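Residue numbers (this note's numbering): 156 to 318.
Spelled out as structure tokens, the structure:
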């Protein structure tokens, strides 16, 4: 597993990854494929615009395995915390330790740079991700429960996160 900076050549992969991850959410609606594709395109553009507005200096990475793209990471970096804005893997790369490896590597690097915590927002209904993040030392914070999402933080400096 390796992280490399994303380039414009990765745009199609990132858009397709979004569709793969989000298609599961809409499966129960049984929308015609063309309608689902249009809706997912619109949602991808809306999410990209939202991320650009909220995190204009975020760093975009592609997660690779054997030089093939298997995921993406969007990371906002500042002196107080590193915020994982988005992390996603293709289905075939899940449950293989890749996400765990990415997060562990981020935590090590952030710690060496004196950053006190990693943060992320997770969909409250994403029980698999919630279990993973809890296992990796993330805790829910009282800082934000924004609608359907929960803010989680992983302390890197030995200090407790207020809950």
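Each residue gets a CB set at the ideal place from its N, CA and C atoms; glycine is no exception. For clarity, every value in this text was computed on a predicted model and none was experimentally measured.
Residues that residue 276 bridges to, as DSSP identifies them: 306
C-beta contact flag for residue 172 and residue 226 at 8 Å: yes
In DSSP terms, what residue 242 is bridged to: Per DSSP, the beta-bridge partners of residue 242 are 228.
Residue 327 in three-state terms, based on DSSP: Here the chain comprises residues numbered 156 to 318, so residue 327 is not present and cannot be evaluated.
Where residue 200 falls: helix, strand or coil (DSSP): helix
Contacts around residue 177, its chain only, beta-carbon distance under 6 Å, and the 5 residues preceding and following it disregarded: Annotation for residue 177: 195 place their beta carbon closer than 6 Å to its own, counting only its chain and skipping 5 residues before and after.
Cβ shell of residue 266 (< 6 Å), same chain only, five flanking positions each side left out: 311
Inter-residue CB distance, residue 270 and residue 304 (contact presumed, cutoff 8 Å): Between residue 304 and residue 270 the Cβ distance is about 22 Å, and since that is not below 8 Å, they are no contact.
Reduced DSSP secondary structure (H/G/I, E/B, other) of residue 163: helix
Environment of residue 235 [buried if 16+ CB atoms lie within 10 Å]: exposed
Where the beta strand (DSSP E) through residue 214 begins and ends: 214-220
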